[in-house]
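In my numbering, the protein residues as written are 151 to 319.
Note that CB positions come from ideal geometry on N, CA and C, so glycine has one too.
Quick caveat, the model's predicted, so the values are computed rather than measured.
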Amino acid sequence: MKRVFALILVNLVSLTIVFSQSSKAPVVYKEISGFQVVKSVYPTAEEIVQANEIWFKIVDANKNVLGYCLSSKPYSSDINGYNGPTPVIVVLDKNRVVQKVSILSNSETLAYVNKLERQNFFKSWCGLSVKDALNVKATADSYSGATITSVALRKNLDIILRKAYTKKL
């Protein structure tokens, strides 16, 4: 009887492990370039030119400045979401008001990133100056189901916005 019980228990544990692993979403690296994000805001953008170590100018074919962008990528390799680094890009207009926040290339579970998009996580900073964007209280608890990802993204945004605020154009 003990052997039968042990055998049943082992089979249940095995089935649980197999089922739990098969129900997880696959990890897929999603390539998202900063220029791709910039073009979604400024379709006539032709180039991104470094203005200083933090700020980048977005220019058209005639070298007219359309706006600016910031990337957390050089400063955030040790900030990990659920499946690795979660660098962000912040696209701003000529008045340095945030127009778009987006995650760059990453291995996060797509369902979690999509959930944050549906919950307007990335829009929390839109329409704000860099100074005001620093005060956004997008807490992880506000975005259930993607807590680890949202915490990492928030840390990335904090880093790049602080650097942008202290190293102005």
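May I ask which residues mark the beginning and end of the beta strand (DSSP E) holding G217? Where G217 is concerned, the enclosing beta strand (DSSP E) stretches over V215 to S221.
Quiz item: K189: which of Q249, R268, V263 and F271 sits nearest, CA to CA?
Solution: Nearest of Q249, R268, V263 and F271 to K189, Cα basis: Q249.
So does the stretch 251-266 actually touch the stretch 229-243, counting three or more Cβ pairs closer than 8 Å?
The stretch 229-243 and the stretch 251-266 touch, with three or more beta-carbon pairs separated by less than 8 Å.
Residue closest to L242, alpha-carbon to alpha-carbon, out of S257, S183, L220 and V178 = That would be L220, whose Cα lies nearest to the Cα of L242.
- Query: According to DSSP, is F185 helix, strand or coil?
  - Reply: Reduced to three states, the DSSP call for F185 is helix.
Beta-carbon proximity list for I298, same chain, < 6 Å, skipping 5 on both sides = Contacts found: G231 and Y232.
(Q) Tell me the residue span of the alpha helix (DSSP H) that contains V280. (A) Element bounds for V280: V280 to A283.
| query | How about L284 and R312: do their beta carbons lie closer than 8 Å? | reply | Against a cut-off of 8 Å, the Cβ pair of R312 and L284 comes out as a contact.
S300 by DSSP, collapsed to three states: which one?
DSSP places S300 in helix when its eight states are reduced to three.
- Message: Tell me the residue span of the alpha helix (DSSP H) that contains K123.
- Response: Given a span of 151 to 319 for the chain in the structure shown, any question on residue 123 remains unanswerable.
Secondary structure of F272, DSSP reduced to three states:
Three-state DSSP puts F272 in a helix.
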